[in-house]
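Undergrad: One structure is given below, represented as structure tokens, and several questions about it will come after.
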Amino acid sequence: MPRTLFDKLWDSHRIASDESGEDLLYVDRVCLHERTGGIALESLEARGLPVRQPGQAFCTMDHVVDTRPGRGDRTSIPGGEAFIARTRRGARAFGIRTFDIGDAEQGISHVVSAEQGIALPGLSLVCPDSHTCTLGALGALALGVGTTEAEHALATSTLWLARPASRAVVVDGVLDSGASAKDLALHLIAEHGADGAEGAAVEFRGSAVRALDVESRMTLCNMAVEFAAATALIAPDAKVFDYVMGRAHAPPELPLDDWRRLRSDDGARFERTIRIDAAAVDARVTWGTSPAQGAGVTGRVPAPRDGDAQRALDYAGLSPGDLLSEVPVDAAFIGSCTNARLSDLRRAAAVLRNRRVAPGVAAICVPASTPVKRAAEAEGLDRIFRDAGFEWRESGCSLCFYAGGEGFAPGQRVISTTNRNFEGRQGPGVRSHLASPAVVAASAIRGRISTPGML
Amino acid sequence: MEPFTRHTGVAAPLLKANIDTDAIIPSREMRRVSRHGLAEGLFANWRYADAGARRPDPTFLLNQSAYAGASILLGGANFGCGSSREHAVWALAEFGMRVVVAPSFGAIFQKNCIANGLLPAVVAEGEVNALARWVESDPARHRLTVDLVETTIHAGTGKTPFAIAEAHRFRLIEGLDPIRYTLERADEIAEFERERFAAHPWVRLPEGA
Ligand code: SF4
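Just so you know, the protein sequences line up as chains A and B, in that order. Be aware that the first sequence starts at 11, since it is given in my numbering, and climbs by one per residue. Be aware that the second sequence starts at 395, since it is given in my numbering, and climbs by one per residue.
Next comes the structure, spelled out in structure tokens:
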């Protein structure tokens, strides 16, 4: 029987099935971070249980760490030092490789996992973080879990899960040069809703997906959880094999014969297929408090369809009919596991070159990892950001979410390359507008939501 | 974990769709490296007119006396979407919630519920709304009884079936410790692993890599 890529990955990790309908899956890699990982480690310690395969587990410091230059363990997040210190201690006690503050490879978990070859085609990987689906872009079975499940995976190298259905999102045609993977993701979620995937595993397919570079594929898969996908996948191809080659934890000789089989068979059945014409995707921005509440940058705020949308508009301080390109911004943030890899910073820098951020706009760039930061500096991108008036920071999650420390002020409007515009996500009362790096850069320059073409 | 069979309690309708885990527990309320001490931060953005001073917002349902002691939450579609933070479930449980009824759940949240003995009951939107209307007509007295053995919700004389995966139902009823349950299969896991490493040696990383 022809199988989907997701089913192949699932089958190759299935140890057993339980009478009540769940499968026991083998977990090849566990990744932790200091926000949720420390609790899992301490609770294992308290129970006197070992980590079953410490060599297959990794830990990053990304969520709580400060990103201001010259950082140490001190962080503005209340109680933050304890998250760092106790996670570090737990990881050390179990012999888990930790990408700590000051480590040359430190960065946001999902970015480090790709950069270090921890996530590879055909592997299963779990992390107590919902954006783990990012790594499906490499053809890995990447699953975001809670803390208790991460603890279970550490102790048993397994996870119980009911097999989700496979769905396909096929994007054919050619993406406009003004549109990116982020715009594609925002378009998809706006068209089909924040619960559009209904818990299925989503495979992105089609010529426009194949045409994306690997980093853009990660952006697309990253946003899948905002679409209620169990995880995302893209069949790995030569671009992925090139990307993976030579990474620290990748095998010296890639098992290409195996990896080439990681694709949905012809005739494999998807429970549902969504088709998107890439040519219909334009530069987008969200106007509300769900990633699904978005429109083209050149468009207008739509009339609310229901009470939730009305509530979102009230929170966002916008009215139906408002021209999005006239909406002023107080801050611009380029960062996060969605859109702060080297190619993202290059796209933003291309817009910022020889320009200055509009007066009064606070502009901040936080590279997604320390290697990204290093590579960007080697190309002189940091100069372009700084000359334009951006702060240039150390790597971490930073202002992607608010935890009581550094943040934006209530009522401030932020254009952001992140993935969540939920109420309060970037601070109480803060209004977040999600967009691509190019749109965030252009908006910072013009002081209003903008495409580069409007400058 | 405390086994779950049947629960009767005050139900609070919070019917907005896409209530995300940032709303259930804002990240700034996760102050300690702990599963505890989170109930105060539950729905902090909505519950307090001033979250810093903990001044309650009287318009928020859970602050109203009619819903005092609520242990069942009626929610909208895609309840618990967003961040994987298990703190959302810990906060709900510590606050006293035993059941969340919604048309659909965020997948990670749903699994986190099972891991912590909180029952996520799936009921079609129209029926959640009907339950909410019945409850709202006299919240303190119109209690719901959620029966996990029969998978039904009793509202007065009415009965509404709910959906839950059989594996989840089993775990909640037994109050299973998941790690212990899985480690009973340690040999099977080791055998699978041996075969996997033999067939795909590159999967195995050296210890302490
Ligand atoms: S960058 Fe944001 S979305 Fe990504 S892992 Fe960090 S907090 Fe989560």
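Beta carbons: idealized from backbone N, C-alpha and C, even for Gly.
Residues in its own chain within less than 7 Å of ASP416 (chain B) by CB, not counting five upstream and five downstream?
TA: Annotation for ASP416 (chain B): GLY476, SER477 place their beta carbon closer than 7 Å to its own, counting only its chain and skipping 5 residues before and after.
Undergrad: Tell me which same chain residues have a C-beta within less than 7 Å of the C-beta of ALA603 (chain B), skipping the five on either side of it?
TA: Legend: pLDDT at ALA603 (chain B) = 44, less than 50; position of this residue unreliable, value from coordinates given subsequently. Around ALA603 (chain B), the same chain offers no residue with a beta carbon nearer than 7 Å, after the five sequence neighbours per side are excluded.
Undergrad: Consider the Cβ of ILE558 (chain B): report whether some Cβ of chain A lies at a distance smaller than 8 Å.
TA: no
Undergrad: I want to see whether chain A comes within less than 8 Å of GLY591 (chain B), judged by CB atoms only; does it?
TA: One detail in the question is off: residue 591 (chain B) reads as Phe in this sequence, not Gly. Chain A contact via Cβ: absent.
Undergrad: Ordered along the chain, which non-local residues of its own chain (more than five positions away) have a Cβ less than 8 Å from that of SER27 (chain A)?
TA: ASP33, LEU34
Undergrad: Against chain E, does VAL427 (chain B) count as a neighbour if the rule is that its beta carbon must be under 8 Å from one of theirs?
TA: Absent here is chain E; the protein component of the structure consists of chains A and B.
Undergrad: Note down the Cα distance separating ALA238 (chain A) from VAL179 (chain A), rounded to an integer number of angstroms.
TA: Put simply, the backbone Cα of ALA238 (chain A) is about 13 Å away from that of VAL179 (chain A).
Undergrad: In its own chain, which residues sit with a C-beta less than 7 Å from the C-beta of PHE395 (chain A), not counting the 5 before and 5 after it?
TA: ALA359, LEU362, CYS375, TRP402
Undergrad: Measuring only from the beta carbon, is HIS141 (chain A) closer than 7 Å to any heavy atom that is part of the ligand SF4?
TA: yes
Undergrad: Please list, in chain order, the chain B residues whose beta carbon lies closer than 7 Å to that of GLN66 (chain A).
TA: Taking a Cβ-Cβ threshold of 7 Å, the residues of chain B close to GLN66 (chain A) are LEU599, in chain order.
Undergrad: Between the C-alpha atoms of VAL339 (chain A) and PHE418 (chain A), what's the straight-line distance to the nearest angstrom?
TA: 12 Å
Undergrad: Any C-beta of chain A within less than 8 Å: which residues of the segment 407–421 of chain B qualify?
TA: From the segment 407–421 of chain B, only LYS410, ALA411, ASN412, ASP414, ASP416, ALA417, PRO420, SER421 have a Cβ closer than 8 Å to chain A.
Undergrad: Could you tell me the boundaries of the beta strand (DSSP E) in which ARG122 (chain A) lies?
TA: This sequence places Val at residue 122 (chain A); Arg is not what is there. Counting along the chain, VAL122 (chain A) falls outside any beta strand (DSSP E), though it belongs to the alpha helix (DSSP H) covering 119–125.
Undergrad: Give the residues of chain A in contact with ASN449 (chain B), contact being defined as C-beta atoms less than 8 Å apart.
TA: In the sequence under discussion, the amino acid at residue 449 (chain B) is Arg, which differs from the Asn named in the question. Ordered by position in chain A, no residue passes the 8 Å Cβ test against ARG449 (chain B), which lies about 14 Å from the chain.
Undergrad: Mind checking if ALA162 (chain A) is an interface residue toward chain B, Cβ cutoff 8 Å exclusive?
TA: As written in the sequence, residue 162 (chain A) is His, which differs from the Ala given in the question. Interface residue, yes.
Undergrad: Could you name the residues of the segment 389–421 of chain A whose beta carbon sits closer than 7 Å to any beta carbon of chain B, in the order they occur along the chain?
TA: PHE411, TYR412, ALA413, GLY414
Undergrad: For THR551 (chain B), does the count of other Cβ atoms within 10 angstroms reach 16, so buried, or fall short, so exposed?
TA: Label assigned to THR551 (chain B): exposed.
Undergrad: Kindly indicate the opening and closing residues of the beta strand (DSSP E) around ALA501 (chain B).
TA: Run containing ALA501 (chain B): none in the beta strand (DSSP E); it sits in the alpha helix (DSSP H), 501–509.
Undergrad: Is the CB of ILE459 (chain A) under 8 Å away from at least one CB in chain B?
TA: no
Undergrad: Could you tell me the distance, in whole angstroms, from the CA atom of GLU201 (chain A) to the CA atom of LEU222 (chain A)?
TA: 21 Å
Undergrad: Is it right to say ASP205 (chain A) is buried, meaning 16 or more other beta carbons lie within 10 angstroms of its own, or is it exposed?
TA: Counting the other Cβ atoms within 10 Å of the Cβ of ASP205 (chain A) gives 16 or more, which makes it buried.
Undergrad: Could you name the residues of chain A that GLU587 (chain B) contacts, counting a contact when the two beta carbons are closer than 8 Å?
TA: TYR36, SER167
Undergrad: Please identify, using Cβ separations under 9 Å, the residues of the segment 249–261 of chain A that lie next to chain B, in order along the chain.
TA: Correct list: ALA258, HIS259, ALA260, PRO261.
Undergrad: Is ASN429 (chain A) near the ligand SF4, in the sense that its beta carbon is under 7 Å from a heavy atom of that ligand?
TA: yes
Undergrad: Which ranges would you report for the alpha helix (DSSP H) in the segment 415–486 of chain B if only whole runs of at least 4 residues count?
TA: Counting only runs of 4 or more, we get 415–418, 438–441.
Undergrad: Measure how close the beta-carbons of PRO246 (chain A) and LEU264 (chain A) come, nearest whole angstrom, since I'm counting them as under 8 Å.
TA: With 8 Å as the limit, PRO246 (chain A) and LEU264 (chain A) do not qualify as a contact, their Cβ atoms being about 10 Å apart.
Undergrad: Here's a check: name, in chain order, each residue in its chain whose Cβ is nearer than 7 Å to the Cβ of ALA521 (chain B), leaving out the five neighbours to either side.
TA: The identity of residue 521 (chain B) in the sequence shown is Glu, whereas the question assumes Ala. Taken in chain order, the residues that qualify are THR554.
Undergrad: Do THR296 (chain A) and TYR325 (chain A) have their beta-carbon atoms positioned less than 8 Å apart in this structure?
TA: no
Undergrad: Can you tell me whether GLU521 (chain B) is helix, strand or coil according to DSSP?
TA: helix
Undergrad: Taking the C-alpha atoms as reference points, what is the distance between GLY470 (chain B) and ARG294 (chain A)?
TA: 27 Å
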